[in-house]
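Chains as they are written, first to last, in the numbering used here: chain A, 1 to 96; chain B, 1001 to 1223.
To start, the structure under review is shown below, and the notes come after it.
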């Protein structure tokens, strides 16, 4: 019978794909920051679906927001937005 | 580990920060141009990229290095610059969230490729405790000079390169870095670069903000 190794996490490296990986913070790769216009946003969630780093956060009450700790500013969300509600704003326009 | 500052006390270490893939070629051009210009002045030079940063990831902060010394360079085995005389940020947002001043030598010069004023960039300087080491902050809007040059991804792996050395924004950044730091002469840089107009524009239009004891504009004579 094959021996099981329950102590080895799934996928070996990332303990669980649904939590943040604090060892791989990529927010400082960003040169443009996505900013969503809540008036224009229809909550179609296309950006949430297509973000390669799962950095788009959707909440029924709050709507679309971004996890800037991991967002690399690739611009996919602003490209796919059907109503142009997401803009790429230069990172140095923000103090934080 | 023996430190390069002990083996080569007169060596100028130039560290160029950039973004992986999209701007890696331009940063390599800055390092290559400064080293080539130094070599044509009869100095001893090295220039190379950092691979610890894994620069093949788009947008990652990564570095290219140049070393210029009046004596033969004895530092062979250190593959990263640890004691910077000149720190070049090839893209302006690198000034935020990166510890580029770590390991800076006293009287180091920081050159940023930015259309913004040097004063506007001060608030993001990191780490703050290294500020007294900075002699000057220089800004150059190199993107406007290199705008006619298409950035290609050729040469990012070092195999082939269709664009010449110093054809794009890297030429203007190298010109600005040379003037702000005085590490090489304008004539030798012009001879090394393909886009001589951009080098000249970078040299002419760099805005230098001198520092004294970590405070900007405190000295009377700008360097």
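Every residue gets a Cβ at the ideal spot worked out from N, C-alpha and C, and that includes glycine.
Chain B contact for residue i (CB, 9 Å cutoff)
i                     : result
residue 76 (chain A)  : no
residue 100 (chain A) : Missing from the structure shown is residue 100 (chain A); chain A here goes from 1 to 96 and no further.
residue 90 (chain A)  : yes
residue 69 (chain A)  : no
residue 72 (chain A)  : yes
residue 42 (chain A)  : no
residue 95 (chain A)  : yes
Assumed close pair residue i, residue j - CB separation to whole angstroms, cut-off 8 Å
i                      : j                      : result
residue 1031 (chain B) : residue 1066 (chain B) : 4 Å
residue 2 (chain A)    : residue 36 (chain A)   : Not really, about 49 Å apart at Cβ, beyond 8 Å.
residue 1189 (chain B) : residue 1089 (chain B) : 19 Å between Cβ atoms; not a contact.
residue 1202 (chain B) : residue 1171 (chain B) : 7 Å
residue 1176 (chain B) : residue 1142 (chain B) : 7 Å
residue 1085 (chain B) : residue 1130 (chain B) : Not a contact, Cβ separation roughly 14 Å.
Buried or exposed (CB count within 10 angstroms, at least 16 for buried), residue i
i                      : result
residue 42 (chain A)   : exposed
residue 1179 (chain B) : buried
residue 1211 (chain B) : buried
residue 1132 (chain B) : exposed
residue 1100 (chain B) : buried
residue 1222 (chain B) : Unreliable positioning characterises residue 1222 (chain B) in this predicted model, as indicated by a pLDDT of 48, which lies under 50. A coordinate reading is not provided.
residue 52 (chain A)   : exposed
residue 4 (chain A)    : exposed
residue 57 (chain A)   : exposed
residue 21 (chain A)   : exposed
residue 1127 (chain B) : exposed
residue 1091 (chain B) : buried
residue 1013 (chain B) : buried
residue 1145 (chain B) : buried
C-beta neighbour in chain A for residue i, strict 9 Å
i                      : result
residue 1019 (chain B) : yes
residue 1067 (chain B) : no
residue 1004 (chain B) : no
residue 1163 (chain B) : no
residue 1207 (chain B) : no
residue 1054 (chain B) : no
In chain order, each alpha helix (DSSP H) run of at least 4 residues that lies wholly inside the segment 1013–1099 of chain B = 1024–1040
Could you say if the segment 1071–1080 of chain B and the segment 77–94 of chain A meet the contact criterion of at least three C-beta pairs nearer than 8 Å?
-> no
Three or more C-beta pairs below 8 Å linking the segment 44–53 of chain A and the segment 64–82 of chain A | yes
Flag this pair as touching only if the segment 1050–1059 of chain B and the segment 1010–1023 of chain B have three or more C-beta atom pairs under 8 Å; answer yes or no.
-> yes
Say whether the segment 1102–1116 of chain B touches the segment 1033–1046 of chain B, bearing in mind that this needs 3 or more beta-carbon pairs closer than 8 Å, one atom from each stretch.
-> no
Note down, one range per segment and in chain order, each alpha helix (DSSP H) of at least 4 residues found wholly within the segment 1155–1214 of chain B.
-> 1169–1181, 1186–1192, 1196–1205
Where in the segment 1101–1128 of chain B do unbroken runs of the beta strand (DSSP E), each at least 3 residues long, occur, reported from the N-terminal end onward?
-> 1104–1113
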